[in-house]
Amino acid sequence: MQLWKVLLAVGIDVVAIASLDPSSIARNETSFPKSPVAQQPNCKNPQTQPEMNVCSRLDYQQADRKLKQTYDRLRSKSTATSRQQLVNSQTAWIAFRDSKLRIFNKASLKEARSPLQCSIPVFPM
Numbered sequence: 010m011q012l013w014k015v016l017l018a019v020g021i022d023v024v025a026i027a028s029l030d031p032s033s034i035a036r037n038e039t040s041f042p043k044s045p046v047a048q049q050p051n052c053k054n055p056q057t058q059p060e061m062n063v064c065s066r067l068d069y070q071q072a073d074r075k076l077k078q079t080y081d082r083l084r085s086k087s088t089a090t091s092r093q094q095l096v097n098s099q100t101a102w103i104a105f106r107d108s109k110l111r112i113f114n115k116a117s118l119k120e121a122r123s124p125l126q127c128s129i130p131v132f133p134m
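Structure (structure tokens):
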């Protein structure tokens, strides 16, 4: 490719990026059109991988909000000792999760890969 074409393409990209309002970028509101999946995913019956991905993300966000509310309620009613026990159990769970996930991923490298294929075998198989 000729150098002037590359410079022109880079210049157009720089102008497009510079024209974006920084506050809209921080709010993730750009002037770029959204895809139909991002606008209205059919989460009752997703038909495509992008729909499944969007719906999974929405489900995760809802579950995460509910978990945070429950966690905050639990911590507000807990004593200092029980809060420390909770932190200790969470630390142990994270170590367990990370070690099992690494093993599972190494064992499954030869299998088909998909963004939705990830699990932690909690019980011995």
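In this text, residue positions in the sequence shown follow our numbering: the first is 10, and each later residue adds one. We treat Cβ as the ideally placed atom computed from N, Cα and C, and that holds for glycine. In this text the structure is predicted, and so the values were computed from the model without any measurement.
Helix, strand or coil at residue i [DSSP, three-state]
i	result
Lys109	helix
Gln49	coil
Thr100	helix
Val90	Residue identity differs from the one stated: residue 90 is Thr in this sequence, not Val. DSSP places Thr90 in helix when its eight states are reduced to three.
Alpha-carbon to alpha-carbon, residue j and residue i
i	j	result
Lys53	Arg74	20 Å
Asp81	Asn62	28 Å
Pro59	Ala72	20 Å
Gln78	Thr57	32 Å
Ala47	Cys64	Confidence at Ala47 is low in this model, with a pLDDT of 49, below 50, so the placement of that residue should be treated as unreliable; the coordinate-derived value is given next. About 10 Å.
Thr100	Leu83	17 Å
Ile103	Leu110	10 Å
Leu17	Gln70	Its pLDDT being 43, under 50, Leu17 is placed unreliably by the model, and nothing is read from it.
Arg92	Asp68	28 Å
Phe105	Leu76	20 Å
Endpoints, alpha helix (DSSP H) assigned at residue i
i	result
Lys75	58 to 85
Contact under 8 Å by Cβ, residue i with residue j
i	j	result
Leu95	Ser87	yes
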